[in-house]
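Report on one structure; see the data block that follows.
Number of protein chains: 2
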Amino acid sequence: MESLATPRRAGSSQRVLPRHARAHNLTLLLRTLFHGGAMSRADLARETGLTRVTTSDLVAHLLERELVVEKGVRAPSGPGKPAVLVDLDRHGIQVVALDLAGAEENVGALMDLTGAVLDRRIRTRATVGSGDDAVDEVVDLARSLVDVADGRVLGVGVGSPGIISEDGQVLEAPNFGWEAVPLRDRLEDALGVPTVVGNDANAAALAEHTFGQAEPDMFLVRVGRGVGGALLVRGELVVGSAQAAGEIGHVQVGEGDGPECACGKTGCLEAWLSVPQLTRMLEEADASHPGGDRAHEQVLREAGGRLALVLAPIVGALNLSDVVIAAPHELFGGTLLDAALEKLRSHTLSRFHTHVRLRVPLQSDDLVLQGGLVMVLSAELGVS
Amino acid sequence: MESLATPRRAGSSQRVLPRHARAHNLTLLLRTLFHGGAMSRADLARETGLTRVTTSDLVAHLLERELVVEKGVRAPSGPGKPAVLVDLDRHGIQVVALDLAGAEENVGALMDLTGAVLDRRIRTRATVGSGDDAVDEVVDLARSLVDVADGRVLGVGVGSPGIISEDGQVLEAPNFGWEAVPLRDRLEDALGVPTVVGNDANAAALAEHTFGQAEPDMFLVRVGRGVGGALLVRGELVVGSAQAAGEIGHVQVGEGDGPECACGKTGCLEAWLSVPQLTRMLEEADASHPGGDRAHEQVLREAGGRLALVLAPIVGALNLSDVVIAAPHELFGGTLLDAALEKLRSHTLSRFHTHVRLRVPLQSDDLVLQGGLVMVLSAELGVS
DNA sequence: CATGTTTGTAAGTATGGCTTACAAAGCGGC
DNA sequence: GCCGCTTTGTAAGCCATACTTACAAACATG
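Listed in order, the protein sequences are those of chains A and B.
Under my numbering, the first residue of the first sequence is numbered 1, with each subsequent residue one higher.
Under my numbering, the first residue of the second sequence is numbered 385, with each subsequent residue one higher.
Okay, structure coming up:
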């Protein structure tokens with residue numbers, strides 16, 4: 001199906017024809033429904049500013065494409081002809097989302113437009129397969145989910161670690177041994193379904209933006225084996241000059257003292273914060289001071305402080321009001337968060353930055369999958 | 385004149401009518417001419433993808449509005465009817481730009497579209513006038529320049545210190561005693577000319593983007609009495625959650641040790657870097673080690689290092705490839721820059737950030753004025 | 001039950017870019 | 001010199017799209 005959304009390579013200097021305007025207005029309706037829920041054509045007209053006549057025409061188009069369904073009349077509450085509700089086909093349209101960021105397994109899910117997981121499959125990765133085998137594993141996982149769908153599969157959305165170009169090539173993903181792998185094209189060719197591939201942290205940020213309570217300007221820090229991040233400005237991802245925006249794991253903190261990092265430098269944020277590293281330091285503290293919580297707390301406070309040192313200039317430069325830490329809540333949700341927030345506030349304190357929110361979502365396991373969904377919605381429907 | 389550019393309050397969820405498409409295509413032509421220089425209607429058609437017929441029609445519209453002029457036929461170089469060149473009226477259309485960021489004076493200029501300064505006026509500010517008197521001084525300066533124009537004045541663009549809302553209110557500018565002053569409306573009402581007001585650092589960044597060699601993603605640090613900044617992502621200003629993006633002067637560096645800052649904290653970037661502060665520290669170093677360059681150098685290296693510590697996370701998070709320091713070249717251009725660049729590179733070094741450019745333009749005096757021009761061009765013509 | 005209100009659609013209009021066609025003005029080969 | 005060829009720019013008519021106007025359907029209320 002022809003995509004309704006803006007073209008993939010959006011040249012900002014592009015002529016606008018009547019059909020583009022129409023496509024824009026169609027996605028406007030979809031967006032309005034997506035956020036506003038089921039409503040009548042007349043409601044849509046009021047919301048969008050289009051006339052009832054035009055709205056009817058556009059809705060007819062969307063009905064024909066089976067993106068939108070009629071949901072019967074609304075219980076009449078006043079005078080006038082009762083309204084017929086229309087809505088996105090929230091359950092009939094489905095999306096396959098993949099999360100390739102797990103330490104040892106690929107996770108896939110079949111989701112509907114609400115983000116509900118209809119089916120979930122976890123595939124342990126074959127040890128040290130070549131890059132090509134790894135691609136095949138991903139394709140197989142996606143295919144099994146596409147096959148099980150009982151609705152229309154709108155697309156496949158993949159959150160992958162590594163640096164990913166705008167056309168869905170994985171430029172670098174060391175843990176897969178991938179280099180310039182055209183993952184999107186491989187999936188599209190194999191499955192015949194529109195596919196989007198994005199960085200896992202970026203996917204998580206999009207998910208938090210669409211399904212969470214994120215502000216339109218937000219920085220998300222993802223902590224797992226490594227430390228990554230993603231940046232949203234006005235609800236849109238910042239990609240950076242080398243598609244590597246958000247990659248703050250190997251920024252040195254402060255003067256660069258601190259633990260050695262796998263990358264060869266010392267005092268990288270990742271060397272302070274990554275889950276393996278942090279766990280190790282906590283174990284050491286517990287071992288050297290058995291029973292005493294002080295050393296344990298101290299490690300967490302130190303890590304939080306280091307995180308804040310890196311975040312402070314970012315928060316200041318972007319005047320952010322929202323920072324999300326997508327990390328294991330049991331490690332990051334308590335002392336570490338408190339210490340980081342305290343230091344972040346004091347470091348950026350001025351009459352401008354009245355309020356910075358820093359939070360660790362209780363549950364961030366499905367963020368990347370939801371991000372895959374959001375990427376597909378955005379690419380295929382212009383909704384997000 | 386009705387503006388061709390996108391409306392001031394650009395609701396992203398807005399219906400698109402045929403007339404909007406036309407406005408877009410008109411600005412597309414203007415942009416193409418602005419960057420491509422004089423060319424024929426047929427050239428324009430090829431560049432934009434519009435048909436020759438449509439291009440002719442649009443150009444006729446622009447000629448009627450006197451935004452574009454015919455510049456005679458091009459010397460025929462091959463077969464075919466010789467082309468008639470059209471171009472923006474680069475000298476006939478003029479803009480008044482104001483720079484209110486000077487320590488003791490307001491600077492104004494009458495400029496043409498090329499950025500050439502046709503007339504420049506400097507007004508020393510009356511000492512400690514009330515906020516209202518300060519506005520009157522600004523209005524008078526602008527009026528004197530509008531009056532002297534021999535072409536059409538397209539608009540007035542003002543770069544002012546402080547926090548400025550998108551509708552041109554100066555929310556805060558302590559040194560003028562301004563608080564929520566509707567500077568744009570005051571100027572528009574007094575002069576009857578479309579006016580844009582923006583933060584001075586933002587203006588400088590726009591100027592560097594349009595007239596300099598800036599990448600589309602860029603951070604600009606402005607150092608004078610204070611330290612400010614501005615951020616461009618994909619060529620567009622980031623405004624931030626409280627219109628205060630770029631304001632990194634009062635971010636504490638590292639652990640927050642260091643000189644006391646006027647704001648009450650210690651170790652703010654401004655306390656390390658501002659011109660008065662830096663000059664003072666250099667004088668102290670020179671006094672305590674007369675004739676010895678080492679202490680002098682050390683102060684500069686230290687300041688550069690501190691700057692790099694703040695920039696590193698920003699460069700990493702945004703994957704920037706370009707950072708501009710708009711500051712006195714004699715202070716910042718040598719040792720300080722070298723030290724900062726060295727530290728910035730080592731701190732962000734990874735396989736992603738292959739190349740960060742950090743530079744101090746030799747001449748940054750007129751950046752804010754040029755930024756005023758760019759703001760007007762962007763607001764009135766959609767060009768930048 | 002008459003009246004008023006709201007929804008949704010039908011018919012015709014206005015806008016804007018497109019296609020097709022052509023005149024104007026130059027070059028080059030004979 | 002002249003005939004074809006190329007390129008530019010415009011004229012005439014076409015098509016897509018949103019608009020205005022008008023109206024039927026279906027309900028509530030006095």
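We put the CB at the ideal spot given by N, CA and C, even for glycine.
Beta-carbon contacts of residue i that lie in its chain and below 7 Å, excluding the five residues immediately before and after
i, result
"Pro-18(A)", "none"
"Leu-58(A)", "Asn-25, Leu-26, Leu-29"
"Ala-426(B)", "Arg-436, Ala-467"
"Val-519(B)", "Val-565, Leu-567, Arg-570"
"Arg-505(B)", "Gly-492, Leu-525, Ser-528, Leu-529"
"Thr-390(B)", "Here Thr-390(B) scores only 49 on pLDDT, less than 50, and its place in the model should not be relied on; the value that follows carries that caveat. Hits under 7 Å: Gly-766."
"Arg-474(B)", "Asp-496, Leu-497, Thr-498"
Cβ-based neighbour list, residue i, same chain, cut-off 8 Å, excluding 5 preceding and 5 following
i, result
"Gly-640(B)", "Lys-649, Thr-650, Gly-651"
"Gly-254(A)", "Gly-267, Arg-306, Leu-309"
"Leu-555(B)", "Gly-546, Ile-547, Ile-548, Ser-549, Glu-563, Ala-564, Gln-627"
"Val-117(A)", "Ala-109, Leu-110, Met-111, Asp-366, Leu-369"
Contacts around residue i, its chain only, beta-carbon distance under 6 Å, and the 5 residues preceding and following it disregarded
i, result
"Trp-374(A)", "Checking the sequence, you will find Val at residue 374(A) rather than Trp. Excluding positions up to five away in sequence, the list reads Leu-206, Ala-207, Thr-210, Ser-384."
"Gly-11(A)", "For Gly-11(A), the predicted model reports a pLDDT of 42, less than 50, meaning its position is unreliable; a value from the coordinates is still stated below. For Gly-11(A), where only same-chain residues beyond five positions count, there are no Cβ hits under 6 Å."
"Asp-750(B)", "none"
"Leu-484(B)", "Asn-490, Ser-544"
"Gly-304(A)", "Leu-336, Ala-339, Ala-340"
"Arg-8(A)", "Model confidence at Arg-8(A) stands at a pLDDT of 41, short of 50, so the residue's coordinates are unreliable; what they give is reported in the following sentence. Cβ neighbours of Arg-8(A) beyond the five flanking positions: none."
"Cys-647(B)", "His-634"
"Val-238(A)", "Leu-231, Ala-245"
Assumed close pair residue i, residue j - CB separation to whole angstroms, cut-off 8 Å
i, j, result
"Leu-414(B)", "Leu-451(B)", "7 Å"
"Glu-70(A)", "Val-53(A)", "Going by Cβ atoms, the distance from Glu-70(A) to Val-53(A) rounds to 18 Å, so no, they are not a contact pair."
"Gly-198(A)", "Ile-163(A)", "11 Å between Cβ atoms; not a contact."
"Leu-369(A)", "His-329(A)", "Not really, about 18 Å apart at Cβ, beyond 8 Å."
C-beta atoms of residue i and residue j nearer than 8 Å
i, j, result
"Val-310(A)", "Ser-274(A)", "no"
"Gly-246(A)", "Gly-226(A)", "no"
"Ala-203(A)", "Gly-613(B)", "no"
"Val-323(A)", "Leu-358(A)", "yes"
"Ser-40(A)", "Val-84(A)", "yes"
"Ala-126(A)", "Asp-132(A)", "no"
"Val-542(B)", "Leu-616(B)", "no"
"His-347(A)", "Val-699(B)", "no"
"Leu-704(B)", "Ser-241(A)", "yes"
"Val-522(B)", "Val-760(B)", "no"
"Ala-585(B)", "Leu-604(B)", "yes"
"Phe-418(B)", "Leu-472(B)", "yes"
"Ala-422(A)", "Val-356(A)", "Residue 422(A) is absent from the model: chain A starts at 1 and stops at 384."
"Ala-75(A)", "Ala-405(B)", "no"
"Glu-283(A)", "Ala-271(A)", "no"
Neighbour-count burial assignment, residue i, 16 or more Cβ in a 10 Å radius
i, result
"Asp-551(B)", "exposed"
"Gln-553(B)", "buried"
"Pro-697(B)", "buried"
"Gly-456(B)", "exposed"
"Leu-269(A)", "buried"
"Ala-763(B)", "buried"
"Ala-407(B)", "buried"
"Thr-124(A)", "exposed"
"Met-1(A)", "Low confidence applies here, because Met-1(A) scores a pLDDT of 44, under 50, leaving its location unreliable and the question unanswered by this model."
"Asp-217(A)", "buried"
"Gly-756(B)", "buried"
"Ser-748(B)", "buried"
"Ala-173(A)", "buried"
"Lys-465(B)", "exposed"
"Ala-285(A)", "buried"
"Ala-287(A)", "exposed"
"Ala-60(A)", "exposed"
So, do the region 654-669 of chain B and the region 195-212 of chain A have three or more beta carbon pairs nearer to each other than 8 Å? With a cut-off of 8 Å, the region 195-212 of chain A and the region 654-669 of chain B do not count as touching, because too few Cβ pairs lie within range.
At a cut of 8 Å, does the region 147-164 of chain A reach the region 86-104 of chain A through at least three beta carbon pairs? They touch, by the three-pair rule.
Does the region 110-127 of chain A come close enough to the region 44-53 of chain A that 3 or more CB-CB pairs lie under 8 Å? By the C-beta criterion, the region 44-53 of chain A is judged not to be in contact with the region 110-127 of chain A, since fewer than 3 inter-stretch pairs fall below 8 Å.
Inter-stretch contact (C-beta, 8 Å, three-pair minimum) for the region 672-680 of chain B and the region 562-582 of chain B: With the cut-off at 8 Å, the region 672-680 of chain B and the region 562-582 of chain B do not touch.
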